[in-house]
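Asker:
Residue numbers (the working numbering): 27 to 170.
Here it is in structure tokens:
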């Protein structure tokens, strides 16, 4: 199994945006990640936190089917995610496996190692001139 990540995709209203839902559905089709679990969390204008299964939304119905799905996102995860939301907003909470990294993860474990952690760096923290990494004429990176 590759690394697993819990991601909170927040939206400024209490309703999901169709384009975002389509993008999440595309994750499953791409094969780069495996969708393990997902919920929709809403923080109402009054501050009440609600959680709903994907199947309660026609746009998300059937997204978590088959043996790949597992109910792992719990009430504590929903509360933590809701702390990130403004009142009157909602979020898709998704648990994904990074399938693209599975071979590397297996090799690391076979060598007695483990994936000790990861850090998500927001795109706005990486200078535009460094993305994608510049290459020198010899094919190496510009880093010394």
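Glycine residues also receive a C-beta, built at the ideal position from the N, C-alpha and C atoms.
Under 8 Å, with one C-beta from each stretch per pair, do the segment 94-111 and the segment 141-151 reach the 3-pair mark?
Answerer: The segment 94-111 vs the segment 141-151: no contact.
Asker: Report yes if the CB atom of residue 35 is closer than 8 Å to the CB atom of residue 89, and no otherwise.
Answerer: Contact flag unset, no.
Asker: Between which two residues does the alpha helix (DSSP H) containing residue 55 stretch?
Answerer: Per DSSP, residue 55 belongs to the alpha helix (DSSP H) from 44-56.
Asker: Roughly how many whole angstroms lie between the Cα atoms of residue 81 and residue 130?
Answerer: Roughly 33 Å between the two C-alpha positions.
Asker: Do residue 69 and residue 105 have their beta-carbon atoms positioned less than 8 Å apart in this structure?
Answerer: No, the Cβ-Cβ distance between residue 105 and residue 69 is not below 8 Å.
Asker: Where DSSP assigns a beta bridge to residue 99, which residues make up the other side?
Answerer: Residue 99 pairs with nothing; no bridge assigned.
Asker: Please classify residue 37: does DSSP put it in a helix, a strand, or coil?
Answerer: Three-state result, residue 37: strand.
Asker: Just to confirm my understanding: we take residue 95, look at its own chain, exclude 5 residues before and 5 after, and list those with CB closer than 8 Å. What are they?
Answerer: Contacts found: 61, 62, 63.
Asker: Can you tell me whether DSSP reads residue 145 as helix, strand or coil?
Answerer: In the structure shown, residue 145 sits in coil (DSSP, three-state: anything other than H, G, I, E or B).
Asker: Roughly how many whole angstroms lie between the Cα atoms of residue 84 and residue 30?
Answerer: If I take the Cα positions, the gap works out to 26 Å.
Asker: Could you tell me the boundaries of the alpha helix (DSSP H) in which residue 135 lies?
Answerer: Looking at the DSSP string, the run of the alpha helix (DSSP H) that includes residue 135 is 128-136.
Asker: Using only the alpha-carbon positions, how far apart do residue 51 and residue 121 sit?
Answerer: Residue 51 and residue 121: Cα-Cα distance of roughly 13 Å.
Asker: Mapping DSSP to helix, strand and coil, what is residue 60?
Answerer: Strand.
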